[in-house]
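Each residue of the sequence shown is one higher than the last, beginning at 134 in this note's numbering.
By construction, the Cβ of each residue, glycine as well, lies at the ideal position given by its N, Cα and C atoms.
This one's a predicted model, so the numbers in the text were calculated from it and none came from an experiment.
A quick write-up on the structure given underneath.
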Amino acid sequence: MRILVTGGLGYIGSHTCIQMIEAGYHPIILDNLCNSKSSVLDRIKEVSGHRPLFIEGDVRDKRVLVDIFQQQNIDAVIHFAGLKAVGESVELPLRYYDNNVNGTLVLVSAMQEVGVKTLVFSSSATVYGDPASVPITEDFPTSATNPYGRSKLMVEECLTDFQKANPEWSITLLRYFNPVGSHPSGRLGEDPLGIPNNLMPFVSQVAIGRREFLSVFGDDYETKDGTGVRDYIHVLDLSDGHIAALKHLGKKSGLHTYNLGTGNGYSVLEMVNAFEQASGREVPYKIVERRSGDIAECWADPSKAEKDLDWKATRNLQSMTADSWRWQSNNPDGYPD
Ligand code: NAD
Ligand code: UD1
């Protein structure tokens, strides 16, 4: 199958391209490089033996999309392209609604024009807002606490309405929990621009000496040790979830929604500990105020994906931290320009 992968040079997209190539799929990448580098392509080739066709362009550009669909005989789309920094989304909400919501609408309208009817969308556990309990199942109520989260929720709602009106389409909403880790080769990984917003890239940069200490956002939550608890999932497990979705649902019309998580919750301090063990480095930290908008705990009930997609996460915390460290220590400054 020939799959258009929007945002395919980003963190999750690049790992998914590798897993897809290994599974016999043929990815074609569209990315505008706003949060990635073209050297990622060399790494995909190095690890998988295949260099996917790359088109530098924007998902909001319908002409570019229609050209790709017409020339490349695309069977389905995995739509990763989007912006994901919560803090920035509060400062620049229009940028988020334009890129994430409008981008998806342009993509779907181009797909409709050419008759491609299978779409897998990158959603997030952020659509559960502050969940009333854990673990979280797909039928929990949804809500948003910031423009990034609202953009994901809006896209989910737009796609739900669209699928209802076009019942022959197959649309899959994959709600990711907290992707971490890297390809075990140490050649691909997460390469955030500027100061990392998320825990694991920050911890890695402290371990390598790029930052002095980690600020732990609060130790007075009602959790096992007072720090926030999340469902960290290895990025390769997450990538495999996309392939499972294409395999099981690609030809099955309907609107399908799945949690992609492990079902385990780890605290910030447990993650720091695990990282110290994997890296053999100390990760100094200071406890600071809670981060506004944070929740105490969040982890998935992933059993629906296991039942329907025959998928479950298999990589443990040790692989997540060891693989992150391999990437960070081999590529202290990320990908080359
Ligand atoms: P990323 O920033 O590494 O990758 C996104 C890629 O999309 C980048 O290469 C970027 O250049 C590209 N892009 C952005 N806007 C574009 C546009 N308009 N046109 C073309 N390309 C564009 O992010 P990621 O972590 O790989 O996330 C991928 C998707 O998964 C995003 O939609 C994100 O919101 C979602 N998601 C990520 C996480 C996470 O923690 N990483 C969690 C839940 C959901
Ligand atoms: C964040 C986003 C969420 C997004 C997700 C994945 C917020 C409020 N939420 O979720 O919308 O879907 O990333 O991209 O930003 N932590 C520290 N110190 C740090 C960084 C994080 O203590 O420097 C703690 C946090 O308080 C939290 C845990 O580590 O308890 C995980 O944080 P993070 O990696 O940012 O993920 P989420 O908060 O789950």
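With distance defined between alpha-carbon atoms, name the residue in 353, 421, 148 nearest to residue 376.
Here the closest residue by C-alpha is 148.
Run the proximity test for residue 399: is its beta-carbon closer than 7 Å to any non-hydrogen atom belonging to the ligand UD1?
no
Does the ligand NAD have even one heavy atom less than 7 Å from the beta-carbon of residue 213?
yes
Distance between residue 274 and residue 217 (C-alpha atoms, nearest Å):
22 Å
Does the segment 301-319 come close enough to the segment 159-172 that 3 or more CB-CB pairs lie under 8 Å?
No, they do not touch.
Please list the terminal residues of the continuous alpha helix (DSSP H) segment that includes residue 422.
Premise fails: residue 422 is in no alpha helix (DSSP H) and is neither H nor E.
Could you give the distance in angstroms between the alpha-carbon of residue 367 and the alpha-carbon of residue 236?
Rounded to the nearest angstrom, the two C-alpha atoms are 27 Å apart.
In the DSSP assignment, find the alpha helix (DSSP H) that holds residue 206 and state where it starts and stops.
Looking at the DSSP string, residue 206 is not in any alpha helix (DSSP H), and its letter there is neither H nor E.
Whole-angstrom Cβ separation of residue 303 and residue 385, contact assumed at under 8 Å?
6 Å
Terminal residues of the beta strand (DSSP E) in which residue 355 lies:
Careful: residue 355 lies outside any beta strand (DSSP E) and carries neither H nor E.
Would you kindly work out how many angstroms separate the C-alpha atoms of residue 456 and residue 344, rounded to a whole number?
20 Å
Name, in chain order, the residues that DSSP records as bridge partners for residue 433.
269
Touch test, the segment 321-332 against the segment 294-309, Cβ-Cβ under 8 Å, three pairs minimum
no
Identify every residue that forms a DSSP beta bridge with residue 164.
189
Which residues DSSP lists as bridging residue 251, in chain order:
303
If you follow the alpha helix (DSSP H) that residue 288 is in, where does it begin and where does it stop?
280-298
Proximity test, residue 437 beta-carbon vs the ligand NAD heavy atom, cut-off 7 Å:
Set against 7 Å, the gap from the CB of residue 437 to the closest heavy atom of the ligand NAD is not smaller.
Compare the Cα-Cα distances from residue 363 to each of 308, 404, 444, 204 and report the closest residue.
404
I need the straight-line Cα distance from residue 348 to residue 416, nearest angstrom please.
11 Å
Going by the C-beta, is residue 192 closer than 7 Å to any heavy atom of the ligand NAD?
yes
Straight-line gap, residue 268 to residue 285 (C-alpha atoms, nearest Å):
21 Å
Would you give the residue range spanned by the alpha helix (DSSP H) that residue 392 belongs to?
Residue 392 -> not in any alpha helix (DSSP H); beta strand (DSSP E) instead, spanning 387-393.
May I ask you to report which of helix, strand or coil DSSP gives residue 312?
strand
Might you give, ordered along the chain, the residues of its own chain that have their beta carbon closer than 6 Å to the beta carbon of residue 305, omitting 5 neighbours on each side?
Hits under 6 Å: 253, 378, 382, 389.
Along the beta strand (DSSP E) that carries residue 234, what are the first and last residues, could you check?
First-last for residue 234: undefined, no H or E at that position.
The segment 407-427 / the segment 190-197 touching (three or more Cβ pairs under 8 Å)
no
Which stretch, first to last residue, makes up the beta strand (DSSP E) that contains residue 139?
135-139
Starting from residue 362, follow its DSSP beta bridges and name the residues at the other end.
400, 430
Does the Cβ of residue 427 lie closer than 7 Å to at least one heavy atom of the ligand UD1?
Indeed, a heavy atom of the ligand UD1 lies less than 7 Å from the Cβ.
What do you reckon, are the CB atoms on residue 374 and residue 361 nearer than 8 Å?
no
Please classify residue 227: is it buried, with 16 or more other beta-carbons within 10 angstroms of its beta-carbon, or exposed?
Of the other Cβ atoms in all chains shown, fewer than 16 fall within 10 Å of the Cβ of residue 227; this residue is therefore exposed.
My output table needs one value for residue 172: the three-state DSSP class, helix, strand or coil.
coil
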